[in-house]
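To keep things clear, I will list the structure first and then write my remarks on it.
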Amino acid sequence: MDRIDMQIGMTRLTKEELLGVPDGECSHSIRRRVQAARSIQAERYGSERATNASAPHSMLKVACRLSTAAEDMLGNAVDVLSLTGRGMDRILRVARTVADLGGAESVEEDDVAEALSFRMYATREEVAA
Amino acid sequence: MMARTISRADGEWPHHLNELGPERPPTELFVQGRPLEAGSQTIAVVGSRHPTSAGVDAAKRIACGLAEANFTVVSGLAVGIDAVAHKAAIEAGGYTIAVLGCGLDVDYPARNTTLKRQIANVGTLVTEHPPGTPPHANHFPQRNRIIAGLAAGVVYVEGGERSGGRITARQALDANRSVFAVPGSIRNPLAVGPNELIRTSQAVLITDVRHIFEELAPGLVWKQSGATHMGGSSIPLEDPEYRVLSFLDDAPVAVDRISADLAMPVGEVTLTLSRLEVRGLVTRRPSGYEITISGARGRSLHRATEDS
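If you're matching them up, the sequences are chains A and B in order. Numbering-wise (my numbering), the first sequence opens with residue 98 and increments by one. Numbering-wise (my numbering), the second sequence opens with residue 504 and increments by one.
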């Protein structure tokens, strides 16, 4: 579980939702967006199969250039959420991917916020020390 | 800070303790930290060593509220509710007393060693056991009677049928103290202790720290010192942040529900929650997000400035 990059919570669907007409984006257009993001990454890392997830740590700093606001937010997250080095690394990679999916050059505050919302839940209930 | 021994003749002796009856008060106490001050404005917060997150939250709120109203929080330095209560009191800038079931120099429980040191600095450690005494199981009911003796009332947060908290509550009743219990769900085994005390009219049901003040001094209007405690440092909240914060409760709420009820797109809700989380105003749980104490404070301050 420690190495899983993203996790999201889901609520149970009601029977109306399950039986009703599906709404939301169709897989086809999502596929196109993912392909576009993939090619941005391939170009960035100079290898067809390279992704933000697999890129070597050394390239990350240059690849994930943060805006000042994004950097502030990440800094706060490290303090308040006690992120580890690995945890922060993961946030960076996910934030970069969010920005790529939007076709954005630099990583903005909202990208970091979104990446933070995908982070692992605390596995242990927060109980007294 | 220096450890010292005090007896009944000393000025520092808490006379409140003598109310435990002719034979039961200790004859001397080993004390470390700030001068021991206990009396009508001292409340014990006790409960389970393995609380649920709801119990932790209740203990935090109550201890924080007590400290903000300049009340002293006394507890037993155990893991769980005790530790939460001590910490919340310290964080709110209040004074807290920890009563140990062993010698002052024995670090028990080991997990609370840092907290114990902190209390030795900003609060007071108290025990009736001389240095070097190990924590025997039979010391704890004895320790509980001192907790009850030092306090004007005991708040019982969570505990099973035969918990230490229940013993403390019993001893508090014997010493003519008020007993308060925070109720819980009938499906929560740790709510059995408090619920049973309420059912049998041995404890007053409380859901807010103000209920304690009302019980101790009915009719008196207790001023909330929250605003001064914050030093006027109101937390700037943008509109979506305030709307999301207003919607949250101390039970986790799923992102989908927030989104549906506030008619705010899921993406915006998620981003807003992340921003709030990074500022320590909400916490994330497997089933959703809940508001933290600072979040609740920020929200009420925001509301106050909006109104004025």
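Where a beta carbon is used, it is the ideal one built from N, C-alpha and C, also for glycine.
By the DSSP assignment, the beta strand (DSSP E) with S578/B in it spans what residues?
DSSP places S578/B inside the beta strand (DSSP E), whose first and last residues are 575 to 578.
In three-state DSSP terms, what is A592/B?
DSSP, reduced to helix, strand and coil, places A592/B within a helical segment of the structure shown.
Go to I600/B, then tell me how far its beta strand (DSSP E) extends in each direction, as first and last residue.
I600/B -> beta strand (DSSP E) spans 599 to 602.
Closer than 8 angstroms to chain B by CB, M170/A
With respect to chain B, the C-beta atom of M170/A has a partner C-beta closer than 8 angstroms.
Applying a beta-carbon distance threshold of less than 9 angstroms, which residues of chain D neighbour T108/A?
Any reference to chain D falls outside this structure, whose protein chains are A and B.
Leaving out five residues on either side along the sequence, give the residues of the same chain with a beta carbon under 8 angstroms from the beta carbon of V131/A.
The residues are L198.
In the segment 200 to 211 of chain A, which residues sit with their C-beta less than 9 angstroms from some C-beta in chain B, listed in chain order?
Residues of the segment 200 to 211 of chain A with a Cβ closer than 9 angstroms to any Cβ of chain B, in chain order: E206, D207, V209, A210, E211.
Run the CB neighbour count on T731/B, radius 10 Å, all protein chains shown included, and call it buried at 16 or more, exposed below.
A caution first: T731/B carries a pLDDT of 33, below 50, which makes its placement in the model too unreliable to give a value.
Mind checking who F533/B pairs with in its DSSP beta bridge?
In the DSSP secondary-structure assignment, F533/B is bridged to T508/B, T630/B.
For a minimum of 4 consecutive residues, which ranges assigned as the alpha helix (DSSP H) are wholly contained in the segment 157 to 194 of chain A?
As far as the segment 157 to 194 of chain A is concerned, its whole alpha helix (DSSP H) runs of at least 4 residues are 165 to 177.
Figure out for me which residue from S790/B, I715/B, R713/B has the closest Cα to the Cα of L751/B.
Taking each of S790/B, I715/B, R713/B in turn and checking the Cα distance to L751/B, the smallest one comes out for S790/B.
Below 8 angstroms, can you find three or more Cβ-Cβ pairs linking the segment 569 to 576 of chain B to the segment 553 to 560 of chain B?
In this structure the segment 569 to 576 of chain B does not touch the segment 553 to 560 of chain B; the number of beta carbon pairs closer than 8 angstroms is below three.
Would you say N149/A faces chain B, with C-beta separation under 8 angstroms as the test?
At least 8 angstroms separates the CB of N149/A from every CB of chain B.
Can a CB atom of chain B be found closer than 8 angstroms to the CB of L213/A?
Residue-level contact check: L213/A touches chain B, since one or more beta carbons of chain B fall below 8 angstroms from its beta carbon.
Taking the C-alpha atoms as reference points, what is the distance between E113/A and V756/B?
If I take the Cα positions, the gap works out to 21 angstroms.
Identify which residue in R788/B, G783/B, R787/B has its Cα closest to the Cα of A799/B.
In terms of Cα proximity to A799/B, the closest of R788/B, G783/B, R787/B is G783/B.
Spell out the partners DSSP gives S681/B in its beta bridges.
According to DSSP, S681/B shares a beta bridge with G656/B.
Contact check, A678/B vs L523/B, beta carbons under 8 angstroms
It is a contact, given that the beta carbons lie within the stated cut-off.
Partner residues on chain B for A174/A, Cβ-Cβ distance less than 9 angstroms:
Scanning chain B for C-beta atoms nearer than 9 angstroms to the C-beta of A174/A yields S777, E780, V781, reported in chain order.
Taking buried to mean at least 16 other C-beta atoms within 10 Å of its own C-beta, is D764/B buried or exposed?
Per the 10 Å Cβ criterion, exposed.
What number of angstroms, rounded off, separates the C-alpha of I670/B from the C-alpha of P528/B?
Approximately 16 angstroms, taken between the alpha carbons.
Any 3 or more C-beta pairs closer than 8 angstroms across the segment 133 to 144 of chain A and the segment 194 to 208 of chain A
Yes: at least three Cβ pairs fall under 8 angstroms.
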